[in-house]
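Residue numbers (the working numbering): 545 to 758.
C-beta: ideal position from N, C-alpha, C; glycine also.
Predicted model, so just to flag it, every value in this text is computed and none were measured.
To start, the structure under review is shown below, and the notes come after it.
Have a look at this one:
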């Protein structure tokens with residue numbers, strides 16, 4: 545029996561608010577992503593994808609700090625994407641694309657080989673229970689996919705407040721033939737918000753990792 549792809553996210557159920565629907569209807573077309581990403585759009589120097597953008601604090605901050613870069617923010621949860629779009633509109637951000645949907649599927653079907661300069665993965669679901677480890681975004685298969693979609697001098701930036709997840713990433717990367725992992729400095733442009741703020745408040749250390757090609 546064949547099984548579908550393993551989900552790396554936890555689907556949330558419930559009715560969407562009128563505000564969320566209104567924001568998505570009005571703003572999502574403004575920040576639409578082309579059917580296939582083949583590289584930075586005209587006038588942009590770099591193409592970056594953020595996996596699991598949440599409420600978009602990091603995405604909007606990055607676009608503001610690097611107006612010559614174009615960032616595509618991905619998430620499966622409409623309320624968060626709607627909030628990000630509202631913040632981007634209020635800030636006058638124009639170098640942002642947004643997509644509702646599964647990041648792995650997006651990378652497989654909507655990104656051409658070698659099109660990306662970087663991928664950001666900030667505070668992903670750590671899936672701490674052993675039976676859920678297979679749902680973690682970072683895996684040998686995902687590393688293969690990232691190697692195919694990121695150009696050879698590109699990078700993956702990862703941040704987590706969960707030491708078991710940081711150890712998992714380091715272990716998976718150490719066993720991979722095409723990537724290496726180093727401890728990185730915290731990006732100065734990224735605001736302390738969301739899960740990072742919660743982690744700090746709970747006394748958990750933040751681990752910053754950078755993946756580059758071997």
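Return yes when the Cβ of residue 628 is within less than 7 Å of the Cβ of residue 587, no when it is not. Within the chain shown, numbered from 1, the residue matching residue 587 stands at position 43. Within the chain shown, numbered from 1, the residue matching residue 628 stands at position 84. In this structure, residue 587 lies away from residue 628, with their beta-carbon atoms at least 7 Å apart.
Just the Cα atoms here: how many angstroms apart are residue 731 and residue 570? Taking the chain shown and counting its residues from 1, one reaches residue 731 at position 187. Taking the chain shown and counting its residues from 1, one reaches residue 570 at position 26. Rounded to whole angstroms, residue 731 to residue 570 spans 31 Å at the Cα level.
Using CA coordinates, which residue listed in 579, 590, 563 is at the minimum distance from residue 694? Residue mapping note: residue 694 aligns to position 150 of the chain shown, counting from 1. For the residues 579, 590, 563, the minimum Cα distance to residue 694 belongs to 590.
Between which two residues does the beta strand (DSSP E) carrying residue 666 extend? Taking the chain shown and counting its residues from 1, one reaches residue 666 at position 122. Taken as a continuous stretch (DSSP letters only), the beta strand (DSSP E) holding residue 666 covers 660-666.
Contact belief for residue 659 with residue 596 at Cβ below 8 Å, rounded distance in angstroms: Counting from one through the chain shown, the residue named residue 659 turns up at place 115. Counting from one through the chain shown, the residue named residue 596 turns up at place 52. Contact between residue 659 and residue 596 fails: their C-beta atoms lie close to 19 Å from each other, not under 8 Å.
Answer with buried or exposed for residue 702, where buried requires no fewer than 16 other C-beta atoms within 10 angstroms of its C-beta. Along the chain shown, read from residue 1 onward, the residue named residue 702 stands at position 158. Residue 702 comes out buried.
Under 7 Å between C-beta atoms of residue 681 and residue 670: Here residue 681 is taken as the residue at index 137 of the chain shown, counted from 1. Here residue 670 is taken as the residue at index 126 of the chain shown, counted from 1. Contact flag unset, no.
C-beta atoms of residue 641 and residue 577 nearer than 7 Å: Mapped onto the chain shown, residue 641 falls at position 97. Mapped onto the chain shown, residue 577 falls at position 33. Their beta carbons are under 7 Å apart, which means residue 641 touches residue 577 by this criterion.
Closest by CA to residue 563, which one among 626, 620, 619, 611? In the chain shown, the residue the question calls residue 563 occupies position 19. The closest CA to that of residue 563, considering only 626, 620, 619, 611, is found on 626.
Helix or strand or just coil, what does DSSP make of residue 754? As a first step, residue 754 is located in the chain shown; it is residue number 210 there, counting from the start. Three-state DSSP puts residue 754 in a strand.
Can you tell me which of 561, 734, 565 puts its alpha carbon nearest to the alpha carbon of residue 609? Position 65 of the chain shown, counted from the first residue, corresponds to residue 609. Ranking the options by Cα distance to residue 609, first place goes to 734.
Under a Cβ-count criterion, where at least 16 other Cβ atoms within 10 Å of its own Cβ denotes burial, should residue 697 be classed as buried or exposed? Your numbering for residue 697 matches position 153 in the chain shown. Its Cβ having fewer than 16 others within 10 Å, residue 697 is exposed.
Between which two residues does the alpha helix (DSSP H) harbouring residue 622 extend? Position 78 of the chain shown holds residue 622. First-last of the alpha helix (DSSP H) with residue 622: 622-635.
Nearest-angstrom Cα distance between residue 756 and residue 722? One-based indexing of the chain shown puts residue 756 at position 212. One-based indexing of the chain shown puts residue 722 at position 178. Residue 756 and residue 722 have their C-alpha atoms some 8 Å from each other.
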